[in-house]
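**Student:** Protein chains in written order, with this note's numbering: chain B, 22 to 119; chain Z, 22 to 119.
Built from N, CA and C at the ideal position, the CB exists for glycine as well.
There are 2 protein chains.
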Amino acid sequence: MHPSPSDFRLEAVLHALSDPVRLSIIRQLAREGEATCAALDGGRPKSSMSHHFRILRESGLVKTRNEGTSHMNELRAQDLDKVFPGLLTAILNATLTV
Amino acid sequence: MHPSPSDFRLEAVLHALSDPVRLSIIRQLAREGEATCAALDGGRPKSSMSHHFRILRESGLVKTRNEGTSHMNELRAQDLDKVFPGLLTAILNATLTV
DNA sequence: TCGATTGTTCGATATTATTCGAACAATAGC
DNA sequence: GCTATTGTTCGAATAATATCGAACAATCGA
Chain B
22 MHPSPSDFRL EAVLHALSDP VRLSIIRQLA REGEATCAAL DGGRPKSSMS HHFRILRESG
82 LVKTRNEGTS HMNELRAQDL DKVFPGLLTA ILNATLTV
Chain Z
22 MHPSPSDFRL EAVLHALSDP VRLSIIRQLA REGEATCAAL DGGRPKSSMS HHFRILRESG
82 LVKTRNEGTS HMNELRAQDL DKVFPGLLTA ILNATLTV
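1) Which of the three DSSP states, helix, strand or coil, is assigned to M19 (chain B)?
2) Would you decide whether A111 (chain B) is buried or exposed? Buried here means 16 or more other CB atoms lie within 10 Å of its CB.
3) Kindly indicate if chain B contains any beta-carbon less than 8 Å away from that of P24 (chain Z).
4) Taking just the CA atoms, how far does N94 (chain Z) sit from A56 (chain Z)?
5) How would you call H72 (chain B), buried or exposed, if buried means at least 16 neighbouring beta carbons within 10 angstroms?
6) List the residues that DSSP assigns as beta-bridge partners of T57 (chain B).
7) Short of 9 Å Cβ to Cβ, which residues in the stretch 94 to 118 of chain Z face chain B?
8) For L77 (chain Z), which residues in chain B fall below 7 Å Cβ to Cβ?
Take a look at the structure:
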């Protein structure tokens, strides 16, 4: 469910971020540090969001922990930077300009 | 066919590179500077390669110029770095470790 | 325990991507 | 012109993704 950094695959990370919904999730997490799933849906159905969070988790981008009934999400920024140095930073910088 | 840097879209670039065939093309172009389409197919059919080159072109990653009967491809590294600073470098570095 | 809240999982559908063969341009060289 | 070479385009088949409602699981508070 949460892969270890040695199992991160570049294609999976890039694919996860090639979707506008998931890219906006990552952007918001970068701004706010962490957020629940509910705080990150843009009025979208829960089942759709759950699908996107799964892809983000399985690619290694996001770590989800249970916190009562809600699930808290945070970027795995350090793990990612260990395997793909500078990648997340470059993507977050790019989204700022757009 | 060849978008200007102001029309580059991050999602399109990430999607283009989320495919292993296209990622290997980009890697080879980064090593060799430029190469024809034929030099970049791995025995794959021409129609498949043409499809991948189109996605690479339309995302802004690759520039293709005619050179006789063959088409020469090169990375648009400078254009990309202008719009998405550090992104291509990070991706190419990542592929080296994998 | 009951009800409300938060996500996940399942199933189905619709859209999009990938792949490949075959037919089609465009060019070079004879 | 004619022919070989190099890619592109077209069409169709296959595979993968996105989307959403409905049913399900887990937790909290009263």
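**Tutor:** Taking the structure as given:
1) Since the first residue of chain B shown is 22 and the last is 119, residue 19 (chain B) is not available in this structure.
2) buried
3) no
4) Each residue's Cα considered, the two are about 5 Å apart.
5) Result: exposed.
6) B:M93
7) V104, F105, P106, G107, L108, L109, T110, A111, I112, N114, A115, T116, T118
8) Counting only Cβ-Cβ distances below 7 Å, L77 (chain Z) has no contacts in chain B at all, with the closest Cβ about 13 Å away.
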